[in-house]
Structure formats: structure tokens, C-alpha cells
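Here the protein sequences line up with chains A and B, keeping their order.
Residue numbering for the first sequence follows our numbering, starting at 278 and increasing by one per position.
Residue numbering for the second sequence follows our numbering, starting at 284 and increasing by one per position.
Here's the structure, in C-alpha cells; my notes come after.
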Amino acid sequence: MITVKNLIKTYPGDVPTYALKGVSLEIAKGEFVALMGRSGSGKSTLLHQLGLLDIPTSGSVTVNGTDVLALSDTERTKFRLQHLGYVFQEYALIAEFTALENVYFPAMAFGDTSAKERATELLRIVGLQERLDHYPSEMSGGEQQRVAIARSLINNPKVLYADEPTANLDTVSSEVVFKLFQKLNKELGQTILVVTHEPEDKKYVDRVVWLKDGLIDTNYQ
Amino acid sequence: MTSTDIKTAVFVAYKTITRGNKSTAFFIVFILSLSFFNLMFVSGFLNGFSDGIMRSMIDNSTAHIIVMPQEEPIRKDFILDQEQVRAQIKTIPGVIASTQHYQVSGSFAFDKEKDGTFKYVSAPIVGVNQTEEKEVLTVYKNMVAGEFPDDLKDDEIVLGANLAGGFGTEQTSDLGGATVGEKVQVSYSNGMIRTYTVKGIFKITMGSVSNTAFISSQEAESLLSTYNNASEILVRVDLSQSTLDAYYSRISEIFPNLRIEKYTSRLSTVGILVAAFNIIAIIVSVISIIVAAITIFVMIYVNAVNKRRQIGILKAIGIKESIIEVSYVLQSFFYVVLGTTLGLFIVFFLVVPLLAIRPIPMPFGNAVLVYTATGIFINIVSIVLSGIVAGFIPAKMVASENILDSIWG
């Protein structure tokens, strides 16, 4: 499903920062994988490259047979819209849209006419059927994150990336979010790669990939 | 862009405007309305200035078209059978009225103190039929003393304020303060000497009309020993029915032997002034448009920078940059249209009525804002286009930023 080969990300400067030093990774279809490691280990950087939010210095990333790094800017944007779901640590909802609008908007941009119905269904799945017309400012952090998850699923992505989705949530909300991921993975076969630093989150996932200083730490696989 | 892209851009623009900060939106619209008002007011005022000068000339001095005696092959002193000439002119559709003038000159003598000390001044004198004259010129509306009677008698005269004197600093070219009811003596070049009672004094700031005196046409005919002729015929036309050039051509066709002039050929110094004001109006308008465009740019840029996170999120979820740019252009268009509408409202429903109540006096009359439909259209199109360009550039700048930089700043 996802094949990462020798991925390198360097931030230039007087003293260049080597965030990823040659990461290689395989994730199978329907797998629920956690990416763990200490702060600064390169977890989020790796997810940004896989989510096409940033461009790596070198290496290759293949998603479902497509060499995504070979795509043009426009093709990459389209690929992101059609095939990838991304959940940010800080929800990243559009403040001017209601919960329902936030969820169906990516599908609307894709020209999907049944977007509203599916968005309503997704919000029901994440337990927010009563909050459809609420704006982000009227919802709790946990609720906003569930809206973000629903949004990430609206275009039936091949893979769902989540970057520390529970970092700003309390324990109860965190559990709700991870159980939701588990449900999506088990019931819908959704491929998920989640960055987390909480050891107890391991219980929800099929596999943990550890990162250390920009490299896969094979000692902990 | 596909129709889905446009629909998406409209949706983003609509939600951003309706859910955005109302105070900020009002502030943007208000600033834009002031920019547009500035553009409209300055150009309208300068147009009004030029228009006022020309209007003053047409109303008080030349009318629209001046018909003069033939010069070729034989130069003549008068237009002969002026009644017949004017009757023919009257048949041209759009001609409002015409008036006959006799032009003479005389030397005025006036004893202000009645002590035998006379002041002598030479001045042009025009013989008019005031009943016809008031259909063409509006000198009678500018009286500062007495009146300009329709039945001006042979021994009565109406003086310009600059000739009568007493209105401002005394000049060598005035009579030192002749007032209504007093008598002035005029010596004509043919040796005739007449005494007239001053019936009225008029004052027109623009041009040299106030150096002139008016007597009745019968008196002028008596002085010149002529009848039913004219030194010139002034013609007032309706410019909404046809152009000045068209009237000019038609009259020239009918009277190929007479000399025909448009009022514009009499502008001389005033013409240079009007041309200068027209150039200033264009320069000021261009500067106003540039200032308005920069204002819009700054407003939209600040707005776009404040929405960097939103733009970053839109890009992160896979929304094309072009959709984001169009949505910001639409927002800019919306603000500019509202600002322009408010600006038009300020001009036509606040400033124009205010100037009607509290006019600003100018040499040619009260200052007015003058607009043409084309001028207003150009101003609106200029500001809207500036708004679209000025809205697009900052949106393009912000939308082309790195996604992560946009989201996290």
C-alpha cells in the first residue's frame, strides 16, 4: 500500500538540520500503524512528507502504486484531495464553516453531489450527529478532532494520516479518538498511520514503528 | 477552472464574508467607499470647475454659436435683415432661441460728486432687445443693483459692475461708483452724445462682460442709423438633441456667406484654463485610482494574511490554489462593489445635496460636481478592476506559501 524508500529530509541553513536520514518503510493495505519516538525524532516530519504537505530532499514514496513524489504540484494537490486523509494535531478546521460544512467541503471541491449525506453519516459515525450546524468555536477540542477525522474520511481516502491527534485532548477524549480509529480500521478496513507519543496507544494498533534521530529504530520493531 | 471549482470558490468566499468579523468588513467597505468618493469628488469638482467656466461663458457672453457679418468677398458691418436670418435659424431642430446684438463703443463721462469733475472711461456698449436677450443670455440674473427691464428705454442703460465702479477697489477703467438712478453721458465715435439713466448694474466675475454696458436695440439702431440688422446673433441650442458641431455645420450650410463661430473658439485664455483643469482632472483621477488600488491591496493583503491559517488548511485538504485565489478575488470584488455603492451614495445623496444647501462660491458661480455617465462608468470600472487585481495579488502571495508555514505561521 505505502512504500517508503530511503527518505531524506534536510532543512538547509548555516547548520543544516537532518530531520530524516534515510527512512524506509512498508505499510500494508488495511494496516493500523503507530509511528512513535521521542520529541524531535522525525515522526511529524515523516508524516508531512507522506501526507504531501512537504517535499523531501530525496527518496521515494509510493502510495497504491503511484510514485507521489514524481507528481507535479497540481497533481499532488489532486492526489491529496482524492486519496489521502490527514488529521492535524490542532484540528485545523475552517472556523467559518459548520461541522457539516467542514466535513463535506473536500468532497464538494471534488464535485461529489452526495457529499452532504455522506458527511452527515460520517458525523454520525464519529458521534456528532447532534452538532452538524455548530461552528468549531462552539465545540470542545475532542469534538473538533472528531470533526477533523470525519473530514479526512469524506473522500474515501486510501490512507489516513493522523499527526498526534490526541496531543491536545484529555484522556477520555483521546480514548474516544483512538477507539474511533480502531473502529474505522476494523470495520471499514481503513489504512491508518498515526503519530503518537503515548505508549498506551500501542494497544489500539497492529504495529508500532519507532523512529530515533531521523531513522527507523529497528531495536523496537 | 471547472464549474465545480467556481462553485467551491464562491462557497469559500460566501462563508468567509458572512462568518467573518463584521467590524472588519465594515471598515474595509468604508475605506473603499472613501477611496471611491475621493476619486469621484476630485474629478467631479474639477469637471465642475471647467464646466462652470464654460457655462458662465455660454450663459453670459457668447451663447453656443455666434453668427457674424460676412467678411468675404466684401466685409460688411452688419448682418442684414437679422429677423429673416434668425427665423431661418429657428427652423433648425434643437435651436432654443437667438438674440441680436449691436456693438458700438463709446466714451463714458460721469460726475460722481456733481462738482463738475468728470471721470472718462471708454467701454464697449451692446444694443439688445432684452425680451429676446433673456431667452439666450442670463446677464439679468446677475444684477447687483437695480434691474435689467424687458422694456429698456432709449435713455436708459445697464452697466457692468467693473464699468460702474464701486464694487471692489476703484480702477482707472471704472466710473468711480455710478449708482442706479444716476445719469451717465456717452460720446459716440460718430459725434453723437447721449445721456442715460442707470437702470441696473450687473456683476459677472468670469470674462470681461462686466466691463460692458447695455442699451436698447432701438437706441443702438438710432445711433448707428440702421434698422433690422445686427453686429452679431447669438444662438442657444439644446445639446441633448444634437452636437455643437452639428448645429454649427447646419447654420454654416444655411448661411455660407456669414461668419459662424462656436463658443469654444472664443475661449482664448479661459480655454487654456479649462484645458489645464481637464489635464489636472485626468492626473488626479489616475492618482486617485492608484491610491485606491493600493488601499484595496493593503486591505485585502491584511485580510489574506489574517486568513493564512485558513488558506493553509484549504491547501492541506487538497483545495487548488486557483480556487483559493478566485475566492479571495470574489471577496475583494464584493468589498469593492459595496464600497463603490456606498461611495456613490455619499457623492449623490450626501455631498451633492449638501453643496446645493451650502454652496461653495467660485468666480463663475457656485461650485458643483459635474459627472457624465461615461465618466462615472470609467471610475466604477477602474476601481472594480483595481480591486480585482489588488485582491488577486495578495491572495496569490499567501496561497503560494508553504502549507505548513501557512498553518503554523
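In this text, a Cβ means the ideal position worked out from N, Cα and C, and glycines have one as well.
Predicted model only: the values in this text are computed from it and were never measured.
- Taking the C-beta atoms as reference points, B/L627 is found nearer than 9 Å to B/M323.
- Taking C-alpha positions only, B/N586 is separated from B/Q524 by approximately 50 Å.
- Annotation: A/V449 to A/F374 spans about 26 Å, alpha carbon to alpha carbon.
- Contact annotation for A/G290 against chain B: no contact, minimum CB-CB distance about 15 Å [criterion: below 7 Å].
- Residue contact check for A/P383 against chain B: a CB pair falls below 9 Å.
- Using a Cβ distance threshold of 9 Å, B/A461 and B/K395 count as a contacting pair.
- Excluding residues up to 5 positions away in sequence, G419, Q422, R423, I426, P442, T443 and L446 lie with their Cβ nearer than 8 Å to the Cβ of A/V454 in the same chain.
- Using a 10 angstroms sphere on the CB of A/A347, the tally of other CB atoms stays under 16, which defines it as exposed.
- Spanning the alpha carbons of A/D410 and A/L465 requires a straight line of approximately 26 Å.
- Its chain contains T623 as the residues whose beta carbon lies nearer than 7 Å to that of B/I663, once the 5 sequence neighbours on both sides are disregarded; these appear in chain order.
- Under the three-state reduction of DSSP output, B/R477 falls in the strand class.
- Distances from the CA of B/D434 to each of B/K373, B/I602, B/G448 and B/E502 were compared; the closest alpha carbon is that of B/E502.
- A/D344 has A/T339 as its beta-bridge partners, per DSSP.
- Collapsing the DSSP output to three states places B/V422 in a helix.
- What A/L358 touches in chain B, judged by beta-carbon distance under 9 Å, is I600, G601, I602 and K603, going in chain order.
- The Cβ atoms of B/V469 and B/I537 lie no closer than 9 Å to each other.
- For B/I686, the C-beta contacts it makes with chain A under 7 Å involve L330, in order along the chain.
- Look at A/E378: its C-beta is under 9 Å from a C-beta on chain B.
- Secondary structure of A/T280 (DSSP, three-state): strand.
- Spatial neighbours of B/S500 in its own chain (CB-CB distance under 7 Å, excluding positions within 5 residues in sequence) are listed in chain order as Q383, Y385, G410, V411 and N412.
- Cβ atoms of B/S571 and B/V325 come within 8 Å of each other, at about 6 Å.
- Under the 9 Å criterion on CB atoms, A/T354 is classed as interfacial with respect to chain B.
- Interface criterion met: the Cβ of A/L370 is under 9 Å from a Cβ in chain B.
- Closest in alpha carbon position to B/F580, among B/L668, B/A370, B/A292 and B/D398, is B/L668.
- Taking B/I606 as the centre and dropping the five residues before and after it, the same chain places the C-beta of D288, T291 and A292 closer than 6 Å to its C-beta, in chain order.
- Put simply, the CB of A/Y295 is far from chain B, with every gap to its CB atoms at 9 Å or more.
- Less than 9 Å divides the Cβ of B/V419 from the Cβ of B/A380.
- Within its own chain, the residues whose Cβ lies closer than 6 Å to the Cβ of B/G483, once the five positions on either side in sequence are excluded, are M426, G429, E430, F431 and V441, listed in chain order.
- Between B/N343 and B/G554, the alpha-carbon positions lie close to 16 Å from each other.
- In the three-state scheme derived from DSSP, where H, G and I count as helix and E and B as strand, A/Q366 is classed as coil.
- Neighbours of A/F374 in chain B, taken as residues at a C-beta separation under 7 Å, are given in chain order as K298.
- Note that the C-beta distance between A/L377 and A/A396 is below 9 Å.
- Burial check for B/Q593: the Cβ neighbour count within 10 Å reaches 16 or more, so the residue is buried.
- The C-beta of A/A392 comes no closer than 9 Å to any C-beta of chain B.
- Sequence-distant Cβ neighbours of B/V557 in its own chain, meaning closer than 6 Å and more than five residues away, are S333 and I336.
- Comparing alpha carbon positions, the residue from B/M475, B/I562 and B/I583 closest to B/L329 is B/I562.
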